[in-house]
Amino acid sequence: MILIKDKKQLMQEVEIRNLKNANIKFALSIKDPFFVQSDIIELKGKEKKKVPIYFDINYMNNKLNTTYQENLIINYFENSRRQKYELVGQTIYPNIIMNKSCIDFQYILQNLYAQEFVEITNVCDYKIYFKWFFEDNSLYKDFNEVFDINPNRGYLLPHEKKIIKITYNSINENYYNITILCQIKNGPMYPLKIIAGYSEIKYSINKKILEYNIHYKTIGEDIITLQNIGKIKLFIEIIYNIKFPSLLYTNINNFFIEPNNSRDIIFYFIPGIPIDIIDNILIKICNFEEIKIKLKSTNSCNILYLNINQFDNHQSIIKDEIYLLQDVDNMQDLDTTFHSKMKNDSINKKNNFKNINNLLKNNFHLYDNVQNDYYEKERSCLIKKLKNMYSDIFSSLRKYIQEILDIYYSIIRNNKNSDDHNDDHNDDHNDDDKDKMEDINLMNKKDNTKNEKMFIRSSIIHTNEKDSKNNMKCKYHLIPILKNYTLKNNSNCAIFLDLLKALILNHKDDNYILELFTKLKKL
1 MILIKDKKQL MQEVEIRNLK NANIKFALSI KDPFFVQSDI IELKGKEKKK
51 VPIYFDINYM NNKLNTTYQE NLIINYFENS RRQKYELVGQ TIYPNIIMNK
101 SCIDFQYILQ NLYAQEFVEI TNVCDYKIYF KWFFEDNSLY KDFNEVFDIN
151 PNRGYLLPHE KKIIKITYNS INENYYNITI LCQIKNGPMY PLKIIAGYSE
201 IKYSINKKIL EYNIHYKTIG EDIITLQNIG KIKLFIEIIY NIKFPSLLYT
251 NINNFFIEPN NSRDIIFYFI PGIPIDIIDN ILIKICNFEE IKIKLKSTNS
301 CNILYLNINQ FDNHQSIIKD EIYLLQDVDN MQDLDTTFHS KMKNDSINKK
351 NNFKNINNLL KNNFHLYDNV QNDYYEKERS CLIKKLKNMY SDIFSSLRKY
401 IQEILDIYYS IIRNNKNSDD HNDDHNDDHN DDDKDKMEDI NLMNKKDNTK
451 NEKMFIRSSI IHTNEKDSKN NMKCKYHLIP ILKNYTLKNN SNCAIFLDLL
501 KALILNHKDD NYILELFTKL KKL
């Protein structure tokens, strides 16, 4: 093979021999990058001739290592016979392989930088040299200050690999779409397209307050929608520190939002304690901007409301109770001043019996370390406060009860004296009454030592006793006494109105009421 330097061609001679005695004539057909100078050749019998075949090494003019395969075809004029011969040509230049043809930095914030890496590999069996430079572009100025290539020149040993670092600095607001070139000495140039731009953080949020109005043991749900209206991808991070026993969690914590997209953040909240809670949540965007979200929770709970004879509608309720008493006992008409007295009394009681919600509100505090017996301690504390607040009111019951009992015993004694003048037929009955009174007095003394825990339990005990004493005669002297006493002393002891109503509806006799008074005096 011969190299023709001035024409940058390779030439190789091929010998063609006529094997017959007769003359032959044929034409040579070949495709680029191969060619011959003479297409038609004529040979005499047994003659041979050398024909040069040329290979154009600058056929594509890209200086890339390429292998070409074509066929040399011989067409005879005497007949239609054809002969084919394979030709192979290869160009060898200093070449590399680049793992990327384009780098997209996308949009980044101003005065920041982004880096990408390109790997180049020497595919030759010899040492090659490279150099990076920017393609001329009149649209951008000083873009060589915006981009940095390291290393921008050097060499590669046979089959060596090297990492090229390309840095983009967002020092201006231009959007770049340029090409940088890697020139190989005596070899080709490799283009690398670069896209980069600058953008600000732009977003929209639908609200900045999370509001919950739920029971303190249930799970509340609220949604915040965050939309990316800028050109850069936003990294979102949610930061919160909610104190136990309250719990807060979200469907997503750290995530990205692509440009022109939105994301719903669902906040699940469990108050865990029956007080109003206010706290803050932080949403960080790309570690640069922060959004403060306020969490407000109005929590409800099931609370037993304690009060004594506190009416919402004074006139209607009092009237119903008066009519009820009249229907049950068929007593005389009540005093016309009863309505006004009860109304004034209800107003006075509202001042004495303040709303227990205020007491509960001040009693529940959020501790940093909540113990397992937290609510038990709160309950005990609440009971103590209730006792301190209403001790004067309950202690006054002793006075009222004693006055009612004095009236009752006085009536019993008067009835006893009047019964002494009756005939002997009633003596046994009177003796039974006397024994009954003594039993009542003895019962009052014994009841002072009892430790009953619930007021309602007394009615159950009385029912069992009543079933076991079916032969005992029941008396109902205390009902009218209690009713008259309540009407005359309405302003001080209106609490007995509800008690009187319950006693009449349940047909309680004197024995039950005496036992009940004994327990009330303990308060």
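In full-length UniProt numbering, the protein residues as written are 1 to 523.
Backbone N, C-alpha and C fix where the C-beta goes; we use that ideal spot for every residue, glycine too.
Can you grab the Cα-Cα spacing for the pair residue i / residue j, in whole Å?
{"i": "Lys208", "j": "Asn169", "result": "34 Å"}
{"i": "Asn506", "j": "Leu482", "result": "15 Å"}
{"i": "Lys294", "j": "Cys182", "result": "55 Å"}
{"i": "Ile103", "j": "Val36", "result": "46 Å"}
{"i": "Cys124", "j": "Leu64", "result": "11 Å"}
{"i": "Ser300", "j": "Gly220", "result": "12 Å"}
{"i": "Pro191", "j": "Met98", "result": "10 Å"}
{"i": "Ile281", "j": "Asp264", "result": "16 Å"}
{"i": "Phe267", "j": "Lys231", "result": "27 Å"}
{"i": "Ser459", "j": "Tyr512", "result": "Any reading at Ser459 is ruled out, since the residue's pLDDT is 40, under 50, leaving its predicted position unreliable."}
{"i": "Ser410", "j": "Glu378", "result": "47 Å"}
{"i": "Ile515", "j": "Ile401", "result": "Residue identity differs from the one stated: residue 515 is Glu in this sequence, not Ile. So the alpha carbons of these two residues sit roughly 12 Å apart."}
{"i": "Ile479", "j": "Lys416", "result": "19 Å"}
{"i": "Pro271", "j": "Thr518", "result": "45 Å"}
{"i": "residue 549", "j": "Tyr476", "result": "Summary: the structure shown does not reach residue 549, with the chain confined to residues 1 through 523, and so no result is reported for it."}
{"i": "Leu226", "j": "Ser262", "result": "6 Å"}
{"i": "Leu386", "j": "Asp222", "result": "38 Å"}
{"i": "Tyr203", "j": "Lys233", "result": "11 Å"}
{"i": "Glu237", "j": "Asn152", "result": "38 Å"}
{"i": "residue 524", "j": "Asn172", "result": "Examination of residue 524 is not possible in this model, given that the chain is present from 1 through 523 alone."}
Could you have a look at residue i and say whether DSSP puts it in helix, strand or coil?
{"i": "Glu211", "result": "strand"}
{"i": "Gln37", "result": "coil"}
{"i": "Arg379", "result": "helix"}
{"i": "Ser246", "result": "coil"}
{"i": "Glu221", "result": "strand"}
{"i": "Asn18", "result": "coil"}
{"i": "Ile238", "result": "strand"}
{"i": "Asn388", "result": "helix"}
{"i": "Gln115", "result": "strand"}
{"i": "Asn414", "result": "helix"}
{"i": "Lys127", "result": "coil"}
{"i": "Glu403", "result": "helix"}
{"i": "Phe77", "result": "coil"}
{"i": "Tyr216", "result": "coil"}
{"i": "Ile266", "result": "strand"}
{"i": "Glu258", "result": "coil"}
{"i": "Tyr54", "result": "strand"}
{"i": "Asp32", "result": "coil"}
{"i": "Ile504", "result": "helix"}
{"i": "Asp279", "result": "strand"}
{"i": "Ser396", "result": "helix"}
{"i": "Leu10", "result": "strand"}
{"i": "Lys48", "result": "strand"}
{"i": "Asn313", "result": "Model confidence at Asn313 stands at a pLDDT of 47, short of 50, so the residue's coordinates are unreliable; what they give is reported in the following sentence. Of the three classes helix, strand and coil, the one that applies to Asn313 here is coil, per DSSP."}
{"i": "Asn71", "result": "strand"}
{"i": "Lys521", "result": "helix"}
{"i": "Lys84", "result": "strand"}
{"i": "Leu499", "result": "helix"}
{"i": "Ile103", "result": "strand"}
{"i": "Ile479", "result": "helix"}
Taking Cβ to Cβ, would you say residue i is nearer than 8 Å to residue j?
{"i": "Asn18", "j": "Leu43", "result": "yes"}
{"i": "Phe269", "j": "Leu248", "result": "yes"}
{"i": "Glu119", "j": "Ile201", "result": "no"}
{"i": "Lys48", "j": "Glu86", "result": "no"}
{"i": "residue 528", "j": "Lys162", "result": "Limits of the chain in this structure are 1 at one end and 523 at the other, which puts residue 528 out of reach."}
{"i": "Thr486", "j": "Leu500", "result": "yes"}
{"i": "Tyr198", "j": "Ile108", "result": "yes"}
{"i": "Ile30", "j": "Glu70", "result": "yes"}
{"i": "Asn228", "j": "Pro259", "result": "yes"}
{"i": "Lys185", "j": "Pro94", "result": "yes"}
{"i": "residue 563", "j": "Tyr54", "result": "The requested residue 563 is not part of the displayed model; the chain covers only 1 to 523."}
{"i": "Tyr216", "j": "Ile278", "result": "no"}
{"i": "Phe117", "j": "Ile164", "result": "yes"}
{"i": "Ala196", "j": "Phe256", "result": "no"}
{"i": "Thr167", "j": "Tyr113", "result": "yes"}
{"i": "Asn21", "j": "Lys46", "result": "yes"}
{"i": "Ile132", "j": "Ile180", "result": "For the sequence presented, residue 132 should be read as Trp rather than Ile. Yes."}
{"i": "Leu520", "j": "Leu382", "result": "no"}
{"i": "His159", "j": "Asn122", "result": "yes"}
For chain C, find out if any of its Cβ atoms is closer than 8 Å to the Cβ of residue i; answer yes or no.
{"i": "Pro191", "result": "Reference to chain C is not applicable here, since this structure consists of a single protein chain."}
Pull up the CB-CB distance for residue i and residue j, whole angstroms please, since I reckon it's below 8 Å.
{"i": "Lys284", "j": "Ile239", "result": "6 Å"}
{"i": "Asn150", "j": "Phe134", "result": "Between Phe134 and Asn150 the Cβ distance is about 14 Å, and since that is not below 8 Å, they are no contact."}
{"i": "Phe130", "j": "Leu156", "result": "7 Å"}
ask   = What runs of the alpha helix (DSSP H), each 4 residues or longer, lie entirely inside the stretch 135-206?
value = The DSSP assignment places complete alpha helix (DSSP H) segments of no fewer than 4 residues inside the stretch 135-206 at 143-146, in order along the chain.
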